[in-house]
Structures are given as structure tokens and as C-alpha cells.
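Since the structure comes first, as C-alpha cells, the remarks are kept for the end.
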Amino acid sequence: MNFLRGVMGGQSAGPQHTEAETIQKLCDRVASSTLLDDRRNAVRALKSLSKKYRLEVGIQAMEHLIHVLQTDRSDSEIIGYALDTLYNIISNDEEEEVEENSTRQSEDLGSQFTEIFIKQQENVTLLLSLLEEFDFHVRWPGVKLLTSLLKQLGPQVQQIILVSPMGVSRLMDLLADSREVIRNDGVLLLQALTRNNGAIQKIVAFENAFERLLDIITEEGNSDGGIVVEDCLILLQNLLKNNNSNQNFFKEGSYIQRMKPWFEVGDENSGWSAQKVTNLHLMLQLVRVLVSPNNPPGATSSCQKAMFQCGLLQQLCTILMATGVPADILTETINTVSEVIRGCQVNQDYFASVNAPSNPPRPAIVVLLMSMVNERQPFVLRCAVLYCFQCFLYKNQKGQGEIVSTLLPSTIDATGISVSAGQLLCGGLFSTDSLSNWCAAVALAHALQENATQKEQLLRVQLATSIGNPPVSLLQQCTNILSQGSKIQTRVGLLMLLCTWLSNCPIAVTHFLHNSANVPFLTGQIAENLGEEEQLVQGLCALLLGISIYFNDNSLESYTKEKLKQLIEKRIGKENFIEKLGFISKHEFYSRASQKPQPNFPSPEYMIFDHEFTKLVKELEGVITKAIHKSSEEDKKEEEVKKTLEQHDSIVTHYKNMIREQDLQLEELKQQISTLKCQNEQLQTAVTQQVSQIQQHKDQYNLLKVQLGKDNQPQGSYNDGSQMNGIQPEEIGRLREEIEELKSNQELLQNQLAEKDSLIENLKSSQPSPGTNEESSATDSARDSEQIADLKQELATLKSQLNSQSIEITKLQMEKQELLQKTEAFAKSVPEPEQSETVTAAKATDVEGRLSALLQETKELKNEIKALSEERTAIKEQLDASNSTIAILQNEKNKLEVDITDSKKEQDDLLVLLADQDQKIFSLKNKLKELGHPVEEEDELESGDQDDEDDEDEDDGKEQGHI
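Position one of the sequence shown corresponds to residue 0 (numbering that gives the first Met the number 0), numbered consecutively onward.
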């Protein structure tokens, strides 16, 4: 400052001239001085002058200050002074009101200096690099300067930061600064950075911004925190609003669960500071951002479910029913609960179960409706309650039925102790307050929205108008009040209710036309030439009369479609009627109501249209116009086409049911075939095992044959003969074992034949009759032919096996005969020496004993062979019986093929008939479209029929392949 006084002390000129010269000298000193202290003092002096002489310092010193930031980064003090000076030049926060500078202050100096600064993008990059400095005197003024730049020219600065390497990441580090001043100003900087820029919002979100901001809110005390909590909530709104990617990231990161502690506020009457009210208001708005009706339905639904699962909805309902809550917080809480439950069945069911802490407890819906029909409640609160009731009934047929049931005679409490929702709606509908009339009518219309059942149920409601008079229906009472000439708001509400009630409900239309005074009243209202205020009522009357024509089932002879159209042509004129009908969509409040579901009106006078009703008008206006211009002949043709379509639909439905039944039968037969295949595979496996065993027996037989050949060689000595006698019993034992094995094989083959016989019987029993389903018969016959062919092959195999075994038995018999012959020959050839007659006689006796034993065993073998031959004969007889069974099955197969051919012809005739019917349906639909009648497309039905035809073609191909 001494330096500044020295510079300014010698000036004797006027103040303005002195200022300019002083600033010029300071700029020269910054630019030319070689000493860092001199440059630092000069920049400090410019800083002190920059607030009062903002324009002069900005024009002369900005370039030099930027140069200081580039060259003197090693000295944090001069960098801090330069950044403060630039902030004073660019910021509009602190402008002094001086008469001499009034012209300059009127100009946007901040924007101009910001444009000069960011003209060179390197300046913004330089500023971002300075924010990496931890020094407080550098980082804090740098944060303030960048925030000011974003406030002045946000989009341009955002784009520069976006393309700067690691630009956003550097700024995110500010949230982790331990110095609260820098952290808090960093939040403000990110607010300006993320405003209306989706790309930066995504980068900030993925830099872990949600975690850091929620931590700050928790550290500061949630809703009891100060302005820092408010700034964090505003930043969270910037990141989430209209950004589906960030909303999904917020939900997937389980951050919704961390919002629950925000709303633990209690119900005490004290402790609601202005800052707490602001914080809680922003928190409620943040919840609404996540479940806004403008979001994609899938994202909104997932957030709604998460809020219910974590208990956030329950906490909001606690605030809703608490005492001592400020009015604006209560209103915003009602709006928030409305959007959390809108279209979510689980949340709607929970809300229906919420009770107010009263004695006796009352449902929350009843308590809210009491506020809605109370004219002493604030207007915004009544609008919020109406929105809550609409959201509760949105896509909630169960809730609609519960509301309508409270109006029916069987459910009304005769004691009058408890008040139901239906009684409150009726009370509001017929009260003297026009706003209550409108709200109750709209609420009741939402109970009927897209629900034909409740429209019919509401016709049962009877009202007692006065003592001694008979009760009248609710429908009649609404038309009576309408004809009494009440306020416009009341009449508009009642007409919207009647239009919603009668649309898509011919029974309600019949009840409405049954009162002979209704149609003359409507035609009289439409035909009159009234002022602009009444044009809206005329348009709604025209819509109601058009609905009575379009949804008329001609059950009343006096008010058929044709007679009503003739009445319009005579008393109103078709063109005049269409013109009056167009008054609705041309009204200035119509477009405002069609934008958002929430009834948000600045004052009660603007509360005219309901959002859902605007959808109904848009849907019906065109079809009513076409219905008015249609002639009676076109109507008759349309009715005939409708009836024909209904008949054809019934025929198609019948055939579809028949095809479904055939598909079920086909599936059952396929399962049976698969079971038989499994059994066949098992039998084939058993046969393979038998073949391998037979091969083993053959090998053993060949081995025995070789051994017997060796033993049968001629022997020249007695010792050799006695050795042969020792071997023969062993060979005979082996032959016995072979015979035993052959007997066991014979038994196994008999078992196999018995199993084959049972399989044939099963096939015969499961064979479908010729009169059953054609497709299944064809398939079964083809597959049965395959089974029969397989069985034939297996039987042939068994025959061959039996023949081979019989051949083997014959060979064994021949070998035994040869063995006996050799034994007898050997006995005859035994030598008898004269020297040892006693020894010879003893040996001869021994040989005779052995021969007798061999003869006995040979007889036994003959008996066994005879038994085997008898068993072989029995097996042959069983094979013959199987062949006869196969012949019978072949005859049945031929019969089935004939039946399949006949069924195929019948099926072709049926397909031709269906094709003709489809062609007729198509032509009739074209006629309906030409007549202007909306025709529902049946793509799913046609695709289903096409699939069935494809299946039939595929089955036909399979049948031809089998045949």
C-alpha cells in the first residue's frame, strides 16, 4: 500500500485522470519490473483498485495478470493476488453504485471480460492447472474465479473444460478438500459446471460424486444441516434431473437407501427453522426427480420398488400423517407420495393400508379427501390431495373398486359414525363450493377410468335428495344439477364426469338416454348462441351427446343412433355441432392441462381441465365426427360387419381350441413313443449281450474240439490207452458244463421272447382308434410301422440264434457218438497176455466198470439233448405265434393308412374353408376401415394361426417320410 500511495501521491490532475495514470503505471511495473517483490506489490495494488475501478483495471491489466499466472507460478502470493484481481474484474457480485459509472454498470462488464478471458482456451486450462495447487491462497481464489466464469458464460466455459484433459476430474478433487471453505465453494463450482450439460453430469456422477455428496450431507446433519446441505441437494438435482443414465446409476449404487434418514424428522411442533424447511423441500424434490412421470416407465417403476423396499415410502407417509408439519412441506410431501405410488400396485396397496393417528383410526385416503373438499384449506394443498388421489387410482383397478364400493348401498355405514371416501366425494360433488364440485367430479372420474365394471356398478348408487321424496340415481342427480345452471366450474366438472362415465359403456348410455329430459337439454345448450364463457360448456355438451351416439347400442327405440343424428341435423346442424365440439381442444387451458398429470394451477379460476380428460377428448373427437357424418346404411353395414366378424371370431376360436386339444393328444402320444423307444433300446442291449455270450460258447466249443482231436490219435501201447481212459471223464464233464450253459441260454432266450410278446401286446393296446385325431393317428401309425419292422428284425435274429444253437447241439451229439464208438473199439483192442491172466482179468473188470459208467452218462446226455430239442420246438411255436401277431398288426397299419388318407382330404377341405373365411374377414375389415370404424388388429391371432399351419405342414412332411 505504501507503493500505491507513492504512485498516487504525486498526481495533481483530476480524479479520473489520476486513476487511469495510476493503473497504467502499475501495469507497467507488473510488465517491466525484474524484482518479484515489485511485481507482487503492483499486483496487490491492482487488486485494491479492481473493485472500485473495475473497467479501467480490466481493460489495462487483464493481459498482464494472465502473464503473471503463466510466469510466476512459483510464488503463491502473487498468483493469489492476480486471481483475486481477475475475480473482481469478472464477477458481478460486488458492484458499487457510483453515479459517474452508471452508464458502465448498465453494460454487462462481467460477460465482456469473461469473453476476453476465455477467447484463449489456454487461459481456462491454465486456471484448471492452478487448482491442483494445495496452497489455500491459490486454490480458493481459483475456485471463485472459475465459478464466476461459469456464471457469466456457462456453455462456452463448460465446453472448454469438457475437452480439457482431466478437467472435470481436477474439479472433483475439491470435494475431498479438508478445508470446508474450499469444499463448499467447490460444490458451488460444480453446480454451475453441471447446469444443463448432460455429458458433464455423467462424468461427474461416475467420478463418485454421489458418494461424496451424500457423505457431506450426512456429516452436516441431513435436514438439520446448514446451507451446505442445500447446495449439495441442488447439485444432486442437477446431476439427476432429466438424466436417465445418472438416475439408473444412482439406483444401482443403492443410494436410494441412504435417503431414508433424511426424512426422520419427528412430529414435534418446534424445530422447523427456515433452513430446515428449505432442505427438506429440496430433499422431497429430489425424490420426485427419481419417480417423475416424465421418466421412462421402467426406470420409474424400479425406483418406486426400491423406495418401498428400503422403507422410504413408509417414512414419507409418517411425515404425511404427522402433526406440526409446515404447510408447504406437507403439500410437497403429498405430491412426493403421489408420484412414488403412481402406477405401482405394491406401493398403492401399502398406501391404502395407511391409517391416520386418530381415534378411531381413519384411512389416510379419507383424511386427505376431507382436506380436499374443505374450502377453508389452502388451494395448493387441495390440488396436492387431488393429485395424490389420482395417482392412487392410476392403473389400480383394485383401488377403483374399493372407492366405488363405498358408494354402494350394501357398504354404507347406517350409523354415520365413520365417513367413507364415497360419502366425502358425494358431499363435495353436491356442495355449494364450485372448487369442491370440480375436485370431487374429477376424483370420481378417475375411479371410473378404463374400468367398465365400475362404470356399471356406479349406476346402482342411489341418493336421498330430501325427506319424503324417492331416491334418485347418482347419474340422474348429476344431470339435474347440470340443468340448474350452476357455476361454469361446477358444470365443467360434472360434464367431464359424465363423459368419462358414458364412454365405452353402452349400459350407462342407455341409462342416460332413458331420462327423456337429458337429450333436449343438451341439444338446447348446443344450439344456443352464447358468449365466449359458455362456449366451453357447449363443447362439452356436444362431446357428451356424441358419446351417447357413438356408444349407443340402439336398445331404446326413441333414441337410436339414427334418430339422434336426425335430431342433431334438424335442431343444431352437423357443421355447427362439429364446430362446437372443436371448442374444447381450442381452449387455452386445454393445452396447459394436457402437458403434465399434476394439477398445477396458479389460482382456482384456472382449474378447468383434467389431464386424463384431455386424453379422452383427443381419442373421441375424431371418431365422433365420423360417426355424425355416417349415413344409416353405413351404420347398418357396420353392424353387419361387426356381427360377421364376431361369428368368424367364434369359428376361429373353436378351431383354435380344437387344435390345442389335438396338440395335447399329440404330446401324450409322443411321450408314449419315447417310452417304447427306451424299452426297445434296453431289449437291444440284452440281445447284444446274448450274442457275445454265444460267441464265447463257440470259442470254448472249438477249444474242446481241438483237445478231443489230440486225444483221438491212435495209441500203440497199453499205457497210452490207460491215459486216454483217464482223460475221457474230464472231457465228459466239460461237455456237461457246455450243455448246462446252453440250457441257461435257452431260458434267457425264452424270457426275451416273453418280453417281446408283452411289448407287442402293449403296442396293440396303445394303438389309437381310426376315429380319433387325424394328425396323431398318422404319426402313430408311421412310428408303429417302424416298431413292427424293428420287432421283425429282432425275431429274425432270435431265429438265427436258435438255428445256430440247434446245429451246435447236433454236432455235440455226433461227437458223443464218435466218442462212444472209440471207447468200445478201444475196449475190444485191449491185449490179453497169457503170462498174466489174473492181472488181465482184473484190468478187464476195471475197464468194463468204466465203460458202464460212460454208457450211463451217455444215456443221461441223450435225455438232456432230447429235452433241449423239445424246448426248441416250443420256441419255434412261439415264433410262429409272433409272426401271426405281426401279420395282424400289418393289417391294422394298412387300415390306419387308409384312414389317414381320408383325414388328410378332410383337413385340406378344412384349410380351404378357413382360407375363404380369412379372405372374407379381410374384405370385411377393409370395408370397416373405409367406413371409418376403428378395427383392432389381430396380429397375434394371425401369427398364432400361421404357427399352427407351419406345425401341420411339418407333421405332414414327417408322415410322408414314414410312409
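Each residue gets a CB set at the ideal place from its N, CA and C atoms; glycine is no exception. Quick caveat: nothing in here was measured; it's all calculated off a predicted structure.
The continuous alpha helix (DSSP H) containing Ala507 extends over residues Pro505 to His513.
Remark: three or more beta-carbon pairs, one from each stretch, lie closer than 8 Å, so the segment 568-578 and the segment 512-528 are flagged as touching. Put simply, the segment 605-616 does not touch the segment 555-565. Fewer than three CB pairs are less than 8 Å apart. With 16 or more neighbouring CB atoms inside 10 Å of its own CB, Glu401 falls in the buried class. When the beta-carbon positions are compared, Ala60 and Thr21 stay at least 8 Å from each other. For the pair of segments examined, the segment 430-442 was found not to touch the segment 457-472: the number of CB pairs separated by less than 8 Å stays below three. Here the alpha carbon of Ile920 sits roughly 20 Å from the alpha carbon of Met657. The alpha carbon of Glu18 has as its nearest neighbour, out of Asp37, Ser47 and Lys259, the alpha carbon of Ser47. Closest by C-alpha distance to Lys304, out of Ile318, Ser649, Leu563 and Val286, is Val286. Counted as a single uninterrupted DSSP element, the stretch harbouring Met258 is not any alpha helix (DSSP H), since DSSP gives it neither H nor E. About 5 Å separates the CB atoms of Leu319 and Thr332; that is less than 8 Å, so the two are in contact. Shown here for Ile226: same chain residues with a beta carbon closer than 8 Å to its own, the five before and five after excluded, namely Gln274 in chain order. Phe600 and Phe388 have their C-alpha atoms some 17 Å from each other. Restricting attention to Thr193, Asp214, Asn243 and Lys861, the CA atom closest to the CA of Tyr254 is found in Asp214.
Contact between the segment 22-40 and the segment 70-82 is present: three or more C-beta pairs spanning the two stretches fall below 8 Å. Cβ-Cβ separation between Val290 and Leu279: approximately 17 Å, too far for a contact (criterion under 8 Å). Rounded to whole angstroms, the separation of the alpha carbons of Ala326 and Gly270 is 15 Å. Spanning the alpha carbons of Ile89 and Ser110 requires a straight line of approximately 7 Å. Residue state for Ser272 is assigned as coil, using DSSP reduced to three classes. Distance check between Gly141 and each of Leu188, Leu152, Leu161 and Gly224 places Leu188 closest, using alpha-carbon atoms only. DSSP lists Val471 as the beta-bridge partner residues of Leu462. The Cβ-Cβ distance between Ala81 and Leu64 falls below 8 Å. Secondary structure at Ala355: strand, using DSSP grouped into helix, strand and coil.
Three or more Cβ pairs closer than 8 Å define a contact, and the segment 534-547 meets that threshold against the segment 488-499. Look at Pro360 here: in three-state DSSP terms it is coil, with no helix or strand label. In terms of Cα proximity to Pro154, the closest of Glu121, Gln119 and Ala191 is Ala191.
Counting only the Cα atoms, Gln483 lies some 18 Å from Gly530.
Ala592: member of the alpha helix (DSSP H) spanning Glu587 to Ala592, first to last residue. Boundaries of the alpha helix (DSSP H) around Lys304: Pro296 to Gln308.
Boundaries of the alpha helix (DSSP H) around Cys316: Leu311 to Met320. By the Cβ-count criterion, Glu114 is exposed, with fewer than 16 other Cβ atoms from all chains shown falling within 10 Å of its own Cβ.
In its chain, beyond the 5 residues on either side, Gly342 have a beta carbon closer than 6 Å to the beta carbon of Lys394.
Counting only runs of at least 4 residues, the segment 526-598 fully encloses the following alpha helix (DSSP H) elements, listed from N- to C-terminal order: 531-549, 560-570, 573-580, 582-585 and 587-592. By the Cβ neighbour-count rule, Met371 is buried, with 16 or more other Cβ atoms within 10 Å of its own. In the three-state reduction of the DSSP assignment, Arg194 falls in the coil class, being assigned neither a helical nor a strand state.
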